[in-house]
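Q: Quick note: the sequence shown uses our numbering, first residue 41, plus one each step.
Have a look at this one.
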Amino acid sequence: MTADPRAALTALVAALETHLETSAVSRGEDDPAVIEAYERIAEAFTAYDDALMDAYGEVTPLEVYDDDLASDDDEDADDGEDDDDLDDDLDDDDLDEELDDPEVEDDDEALDDTTSGRH
């Protein structure tokens with residue numbers, strides 16, 4: 041790992057340039073040169089982010105994509121759908137309570153009076 045953020049940044053830029061060059065002459069989706077360049081970007085970025093944290097206590101707003109973590113997120117997303125349904129139910133219940141609230145009805149009557157020209 042490179043402890044100097046400037047050197048780590050230089051290595052990251054070089055990895056990005058290599059990835060661009062290999063992508064331009066790629067021999068297909070599973071081209072080993074592109075895959076290797078992709079992995080080098082991930083490694084160089086992680087080294088840069090770590091060096092930045094060690095030297096300055098700062099991080100970038102980026103994360104390295106990880107297939108294993110992405111599949112875990114997909115499983116979590118299924119759980120989120122159920123949560124959304126619960127949120128919708130709560131919103132409907134809140135709306136029902138507002139409709140039963142006399143203050144809301146008074147506000148509606150006041151609005152009707154102003155829109156019809158009556159004050």
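Note that CB positions come from ideal geometry on N, CA and C, so glycine has one too.
The structure displayed is predicted, hence computed values, not measured ones.
#1: How many whole angstroms separate the CB atoms of LEU52 and TYR88, which I take to be in contact at a CB cut-off of 8 Å?
#2: Let's test the definition: count the other Cβ atoms within 10 Å of the Cβ of PRO45 and tell me whether it reaches 16, buried, or not, exposed.
#3: Can you tell me where the alpha helix (DSSP H) holding ARG46 begins and where it ends?
#4: Can you look up GLU103 in the DSSP assignment and give me helix, strand or coil?
#5: Compute the distance between the beta-carbons of PHE85 and VAL104, then report whether it is under 8 Å.
#6: Kindly indicate the opening and closing residues of the alpha helix (DSSP H) around ARG80.
#7: Rounded to whole angstroms, what is the Cα-Cα separation between SER63 and ALA77?
#8: Return the CA-CA distance between PRO72 and ALA54, expressed in angstroms with no decimal places.
#9: Measuring CB to CB, does ASP75 end up less than 8 Å from HIS59?
#10: Do you know how far the Cα of ASP90 is from the Cα of GLY97?
#11: If you draw a straight line from the C-alpha of ALA48 to the C-alpha of MET93, how long is it?
A: Answer, in terms of the structure:
#1: That pair is a contact at about 5 Å.
#2: With 16 or more Cβ atoms within 10 Å of its Cβ, PRO45 is classed as buried.
#3: 45-64 is the span of the alpha helix (DSSP H), which, as asked, contains ARG46.
#4: The answer is coil: DSSP assigns GLU103 none of H, G, I, E or B.
#5: With contacts defined as CB atoms closer than 8 Å, PHE85 and VAL104 qualify as a contacting pair.
#6: Unbroken alpha helix (DSSP H) run through ARG80: 72-96.
#7: If I take the Cα positions, the gap works out to 9 Å.
#8: Straight-line Cα distance between these residues: approximately 18 Å.
#9: Residue 75 is actually Ile in this sequence, not Asp. Contact flag unset, no.
#10: For GLY97 and ASP90, the distance between alpha carbons rounds to 9 Å.
#11: One Cα belongs to ALA48, the other to MET93, and the distance between them is close to 12 Å.
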